[in-house]
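Take a look at the structure set out below.
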Amino acid sequence: MERKPLIAGNWKMNLDLDEAVSLVNAIADSISGFQEVDVLVAPPFTALTAVKQAIGNSKILLGGQNMHWEMSGAFTGEISGKMLQEIGCTHIILGHSERRMLFGETSEVIDLKVKSAVALGLVPILCIGETIEQKEAGQTFEVIEDQLVASLKNFRVNKDLPPSTVLAYEPVWAIGTGLTATPEQAQEVHYFIRKWVENNFDSKLAQQIRILYGGSVKPDNVKELMSETDIDGALVGGASLKSDSFVRLIRFQEV
Ligand code: PEP
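All letters in the sequence shown, in the order written, are residues 23 to 277 by the numbering used here.
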């Protein structure tokens, strides 16, 4: 099955308003009319409205970096999926390793968030990945399976995970470190994830779901990664903050 590649930029807590708008304008200009790849940016909350406006008629998709699972209420400092949707987000990154490790998010909490996002019609980009210690202890597949089981618990009951759902394999040891999984290492884990979806849902869904790779993806390694059967795109941190590198990732077929 043909799955359209998705290149998603996670801007994290970077860029001021002017820089955010300039970046999205530059991306939009460089990919005008280019439809081979879906493109998404996930700016900080405070830049979402300005970036949405700058996106205008361009096909760039807008995502949030995190959300609360409730629609509203006494949750100081939190933002709901509904609020993100109101300002134009169609996607939401959930369970990023920085959320899990720095802010104590558990897979149980992430499960609630994925459930809430899907109920709203937001597309979840669910991140999973092992640490260096887990990798060195030979626990990669066990960790990935545990994270999938716990983060998608709600959906496994009724087997109703939408095919638009995006999974992102992001080995923690490769995020922002300059270390990348080799295409073969990444493909092995992506294949495992797709098989897990097949075994826990069905084979049609497994073929439809996009699985992104994340972890120091750069213009000089993207093509090799994207040539692997089960790698359907990239979730990019550092290289998404400059238009020239991000556009080269989007146009990976031409690199
Ligand atoms: C990320 O944080 O999702 C990420 C993949 O970062 P980087 O590309 O900088 O490794």
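All C-beta atoms, glycine included, are put in the ideal place defined by N, C-alpha and C. As the structure is a computational prediction, the values presented were derived from the model and not from experiment.
For Val73, count the other beta carbons within 10 Å of its own beta carbon; 16 or more makes it buried, fewer makes it exposed. Which is it? Buried is the call here.
Can you name, in chain order, every residue of its own chain whose Cβ lies under 8 Å from the Cβ of Gln161, other than the five neighbours on each side? If we look at Gln161 and ignore the five residues flanking it on each side, its Cβ neighbours are Glu152.
Just the Cα atoms here: how many angstroms apart are Leu37 and Gly103? Whole-angstrom Cα-Cα distance: 22 Å.
Val211, enclosing alpha helix (DSSP H) - first and last residue: Counting along the chain, the alpha helix (DSSP H) containing Val211 begins and ends at Pro205 to Asn222.
Is it right to say Glu155 is buried, meaning 16 or more other beta carbons lie within 10 angstroms of its own, or is it exposed? So Glu155 counts as exposed.
Below 8 Å on the Cβ atoms is my contact criterion, and I expect His212 with Ile272 to pass it. Report the Cβ-Cβ distance as a whole number of Å. Not confirmed; about 20 Å, so no contact.
Extent of the continuous alpha helix (DSSP H) run through Asp168: If you look at Asp168, you'll find it in the alpha helix (DSSP H) that goes Thr162 to Ser173.
Using a threshold of 8 Å, state whether the C-beta atoms of Phe214 and Ile166 are closer than that. In this structure, Phe214 lies near Ile166, with their beta-carbon atoms less than 8 Å apart.
Tell me which residue opens and which closes the alpha helix (DSSP H) that Ile77 is part of. Counting along the chain, the alpha helix (DSSP H) containing Ile77 begins and ends at Leu70 to Ile77.
Is any non-hydrogen atom of the ligand PEP found closer than 7 Å to the C-beta of Ile197, if you look at the structure I gave you? In this structure, Ile197 has its CB closer than 7 Å to one or more heavy atoms of the ligand PEP.
Applying the criterion that 16 or more other CB atoms from any shown protein chain within 10 Å of the CB defines a buried residue, is Pro193 buried or exposed? Pro193 is buried by the Cβ-count criterion.
Beta strand (DSSP E) segment containing Leu148, residue limits: Note, Leu148: beta strand (DSSP E), Val145 to Ile150.
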